[in-house]
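All remarks here apply to the structure that follows.
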Amino acid sequence: MSARPRLAAVPDPPAGRAGPAGAPAPTVLYVHFHAEAGAPGAPLGEDTYDGLLALLAEVTPVVQAVPPDAALMEVRGATRYFGHGPAGLAALVRVRALARYGADCTIGIAGNPMLARMAAQDGPPGAVRTLPGDPAAVAAFLAGKPAAALYGVGPATARTLCSYGLDSVGRIAAAPLPALQRILGPAAGRRLHERARGIDPTPVTPGARARSMAAEHRFGRDELDAGRRRRALLTLADALGGRLRESGRVARGLTLTVRYADGSVTTRSRTFAEPTAHTPVLTSAAYALHDALGLQRARVRGVALRAEGLGEAGSAAHQLSFDPADEKARRIEAAVDRARARFGPAAVGPAAAVRGPGAGGSPGTDVTGRRPAHEKHVSHSLTDQGRSTHSYPQVS
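Add 1180 to the 1-based position in the sequence shown for our numbering, that's all there is to it.
Listed below in structure tokens is the structure:
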């Protein structure tokens, strides 16, 4: 039986030198932050996340935010400045994060962002995992992973690949490029061919974190009912849309975060064709992201939506539509906004979000607006007559 490659905090080559067999030394860090001790599974606070990003910038200016709780770092220059290899810098980051914010982290170190993410995946808090830069170690690390582990391979693409017997990254790497291009198309086939071999030309791009706005709902018990999860997403999308329009902003994308009973999370994102604050667009994107996960028997404890890349509505381009249904929906939306401004956010909302569960009602309320005994709000949540919305704006 062949030995599996070890992922651990291993000694790094001296700063500036190449790794084994002339391969570049791994200098990309993927840092996944965890909430404060004593609150396992809790979301990372917005102010805490901003502070942690500033902490990383003390080590290297090349920091790329990966909301809501991670970041990428390129430490090639920092190794020379501090006189430590990437693993030493990772230990420094962890100590400072714990000391200042009480937040632990899992860190993956590799030669590019994709491999660094994969090295850190499923790691416990406090783990520092280094993937050596030589091609043999990278190939051995990737070989046994499922196709869905590759960045950009969603459930639908994974099912397509599995139908051709390409159910692991090793088999995808061994497949001829023309075969992958026939299955997925020329561009997607080539990208998959490269990623299956550990090639990711994407650089770590420094820059300020895009402003965002989020809303979250936590279930009082393990939620297996997809209908209740979708009603929670409808409530959250409705709240996000109203707050975006009230603040005069639009979003360029939407991120769905699903939190499971074991504390693990799944995050999926979608970019809109044009910046929007239109509730039906937000709801459709949320439904599509949720349905693509295929959570038939998943024990879900919470869902969250985050509107990403906020900008001013007045400066955003909007494609004119001659669809009377779309124009009618926008007029109704404007009327709803006026009613809420006058009578409060609970005055009017989607029918499926205000009726009882048997009639497609809102998560956590019955026909009288009361919350079942098992359903509880998150601390510091905003509630309006039984509406199960925990919303908080992110300001940066």
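Heads up, the beta-carbon is just placed ideally off N, CA and C, and yes, glycines get one too.
query                                                                                                           : result
8 angstroms contact criterion, which Leu1330 and Leu1372 should meet: CB distance rounded                       : 7 angstroms
Cβ neighbours of Arg1439 in the same chain (closer than 6 angstroms, five flanking residues each side left out) : Val1445, Arg1481 and Gly1482
Cα-Cα separation between Ala1528 and Ser1392, rounded to whole angstroms                                        : Per the sequence shown, the amino acid found at residue 1528 is Val instead of Ala. Val1528 and Ser1392: Cα-Cα distance of roughly 25 angstroms.
Gly1407, DSSP secondary structure in three states                                                               : helix
Backbone secondary structure at Asp1506 - three-state DSSP                                                      : helix
Supposed contact pair Ala1283 and Val1308 - C-beta distance, whole angstroms, cut 8 angstroms                   : The pair is not a contact, with the Cβ atoms about 15 angstroms apart (cut-off 8 angstroms).
Cβ-based burial, Arg1550 [other Cβ within 10 Å; buried from 16]                                                 : Only weak support is given to the placement of Arg1550: the predicted model assigns it a pLDDT of 40, under 50, and the value that follows is read from those uncertain coordinates. With fewer than 16 Cβ atoms within 10 Å of its Cβ, Arg1550 is classed as exposed.
Cβ neighbour criterion (16 or more within 10 Å) applied to Ala1514                                              : exposed
One or two residues paired with Pro1241 in a DSSP bridge                                                        : DSSP lists no partner for Pro1241.
The segment 1395-1405 / the segment 1253-1260 touching (three or more Cβ pairs under 8 angstroms)               : no
Bridge partner(s) assigned by DSSP for Leu1485                                                                  : Ala1395 and Leu1436
Runs of alpha helix (DSSP H) wholly within the segment 1302-1362 (minimum 4 residues, chain order)              : 1315-1323, 1335-1343 and 1349-1354
Burial state of Val1461 (16 or more Cβ within 10 Å)                                                             : buried
Status (buried if at least 16 other CB within 10 Å, exposed otherwise) for Arg1375                              : buried
Residues that Thr1456 bridges to, as DSSP identifies them                                                       : Ala1431
Residue span of the alpha helix (DSSP H) that contains Thr1259, given as start and end                          : Arg1256 to Phe1262
Whole-Å CB distance - Val1318 paired with Leu1295, under 8 angstroms assumed                                    : 7 angstroms
The segment 1284-1292 / the segment 1324-1343 touching (three or more Cβ pairs under 8 angstroms)               : no
Simplified DSSP state of Val1208, which is helix, strand or coil                                                : strand
Check whether Ala1234 and Gly1225 have beta carbons under 9 angstroms apart                                     : no
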